[in-house]
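Chemist: Encoded as structure tokens, here's the structure I'll be asking about.
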Amino acid sequence: MTAAAPGYNANAALPKRIRHHYLYSFQDTRRERLFLSSIGFDVGAISARVITHMIRRGIGPFHNLSRNGRHLHHLVFGIGGLLATGYLWLVIADDAEQQKTIHRATSFAYGVGAALTLDEFALWLELEDVYWTEQGKVSVQALMIFGGLLSIGVWGGPFLKATAKEMAPKTSPA
10 MTAAAPGYNA NAALPKRIRH HYLYSFQDTR RERLFLSSIG FDVGAISARV ITHMIRRGIG
70 PFHNLSRNGR HLHHLVFGIG GLLATGYLWL VIADDAEQQK TIHRATSFAY GVGAALTLDE
130 FALWLELEDV YWTEQGKVSV QALMIFGGLL SIGVWGGPFL KATAKEMAPK TSPA
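Reading the sequence shown from the start, the letters are residues 10 to 183 in the working numbering.
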């Protein structure tokens with residue numbers, strides 16, 4: 010793919026070569042949206058886990074959020090994010106070319122919302138807060154890690170492969 014992609018310049022700076030591979034790999038905007046939502050999913054899932062662990066251990070500026078004595082679980086923000094991105098997609102659905110930035114941002118935001126929601130899937134299932142029990146941790150972690158990484162590999166495979174080639178040490182002919 011490296012040499013065959015139209016307009017590829019092997020002597021260009023690394024960021025330009027990676028941008029070229031990105032644009033070439035994601036000519037199909039659906040593939041790009043799926044890739045960006047997968048990245049958003051991984052970022053959201055990892056962030057949710059890191060922040061909840063920090064809250065539990067009293068590390069950093071993070072703390073539980075409550076309203077009128079009721080704990081707000083992060084799935085509330087995930088559901089809000091999913092509703093907002095779904096509504097925005099309805100509004101911008103027919104304006105594909107002029108709204109590329111919005112399509113990209115909402116795709117990423119959709120992934121984050123899905124991750125925040127699914128990170129507390131055990132709460133839906135058990136109808137009680139089992140987040141810190143084996144019931145809550147094992148299935149959710151497996152779902153997040155496997156689903157996110159598989160999705161990135163499926164939708165971003167050609168781009169990630171080209172990027173890895175660009176970043177690998179170059180060998181000179183013997």
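A virtual CB, placed ideally from N, CA and C, is assigned to each residue, including glycine.
1) Can you give me the C-alpha to C-alpha distance between A14 and Q108, rounded to a whole angstrom?
2) Should A21 be labelled buried (16 or more other beta-carbon atoms within 10 Å of its own) or exposed?
3) CA-CA distance, F117 and L32?
4) For the segment 47-66 and the segment 131-138, state whether three or more C-beta atom pairs, one from each stretch, are separated by less than 8 Å.
5) Do L81 and S75 have their C-beta atoms within less than 8 Å of each other?
6) How should F155 be labelled, buried or exposed, when 16 other C-beta atoms within 10 angstroms of its C-beta is the threshold for buried?
7) With distances taken between CB atoms, is the gap from G87 to L45 smaller than 8 Å?
8) Which of the three DSSP states is assigned to H72 in this structure?
9) Please check the pair L43 and W164, which I expect to be a contact at CB under 8 Å, by giving their CB distance rounded to whole angstroms.
10) Given this structure, state the Cα-to-Cα distance separating H62 from A114, to the nearest angstrom.
11) Taking the C-alpha atoms as reference points, what is the distance between D128 and N73?
Modeler: Let me lay it out:
1) A straight-line Cα-Cα distance of about 26 Å links A14 and Q108.
2) Classification of A21: exposed, given that the 10 Å Cβ count is below 16.
3) Approximately 17 Å between the Cα atoms of the pair.
4) The segment 47-66 vs the segment 131-138: no contact.
5) The Cβ atoms of L81 and S75 lie closer than 8 Å to each other.
6) By the neighbour-count definition (other C-beta atoms within 10 Å, threshold 16), F155 is an exposed residue.
7) Going by C-beta atoms, G87 is not nearer than 8 Å to L45.
8) Note: H72 maps to coil in three-state DSSP.
9) That belief holds up - the Cβ atoms of L43 and W164 are roughly 4 Å apart, short of 8 Å.
10) One alpha carbon belongs to H62, the other to A114, and they sit about 27 Å apart.
11) As the crow flies, the alpha-carbon of D128 is around 16 Å from that of N73.
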